[in-house]
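Structure record follows, encoded as structure tokens.
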Amino acid sequence: MGRIIATFQMTLDGVFDHVDEWYVSADDEQRASHELLFASDALLLGRETYEGLSAYWMRQHDALGFADRLNAIPKFVVSRTRTGPLEWNATLIEGDVEAAVCDLKGRFDTIVSYGFGELGAFLVEHGLLDELRVGVFPHIHGGSGLRLTSPRPIGLRAAGMHVLASGITILSYVPRRT
Numbered sequence: 001m002g003r004i005i006a007t008f009q010m011t012l013d014g015v016f017d018h019v020d021e022w023y024v025s026a027d028d029e030q031r032a033s034h035e036l037l038f039a040s041d042a043l044l045l046g047r048e049t050y051e052g053l054s055a056y057w058m059r060q061h062d063a064l065g066f067a068d069r070l071n072a073i074p075k076f077v078v079s080r081t082r083t084g085p086l087e088w089n090a091t092l093i094e095g096d097v098e099a100a101v102c103d104l105k106g107r108f109d110t111i112v113s114y115g116f117g118e119l120g121a122f123l124v125e126h127g128l129l130d131e132l133r134v135g136v137f138p139h140i141h142g143g144s145g146l147r148l149t150s151p152r153p154i155g156l157r158a159a160g161m162h163v164l165a166s167g168i169t170i171l172s173y174v175p176r177r178t
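When you line the sequence shown up against my numbering, it's residues 1 to 178, in that order.
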């Protein structure tokens, strides 16, 4: 049975939008992202994440092959509002999302889900998320900005921590199974 790793980046005070104000590209962080993507077999995305990533990455290329890998990897998109075929080597999950994700876990070894919104909470609630990996940037945004929230409490257990030379801390958690 495969595993699902949800991953996202945020500031120390939990802001994950306004990335142009706090995200600083660092070689070690890019290397960690590269390693995770190349270790995965598929991506599981919510609609908003799919739309944001595809709009940018669909036409990108880079010397390290990150863009080519991201463009080629099979993607599965959960949405209540999208219909029809999707671009960017993506398949829309329709109907029973829990059954579809269980099927994906049976077909793929490592599935990465970028972001942690409704889809992430759904995966935890249904016992489908195996790891939550958070890149915490050494920045306090303050003021406005979307902060990490969840529609329900989610119990987690620390599974690892790696402090990069850039100051970014990668935290790994696994859901507590009740």
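Even glycine gets a Cβ: it sits at the ideal position worked out from N, Cα and C.
The region 99-118 makes contact with the region 2-20: 3 or more CB pairs, one atom from each, lie closer than 8 Å.
Per DSSP, the beta bridge partners of residue 131 are 5. For residue 40, DSSP records no beta bridge to any residue. If you draw a straight line from the Cα of residue 118 to the Cα of residue 8, it comes to about 13 Å. Nearest Cα to residue 87 within the set 132, 76, 97 and 161: 76. DSSP lists 174 as the beta-bridge partner residues of residue 157. Between residue 56 and the set 46, 47, 63 and 67, the nearest pair of CA atoms involves 67.
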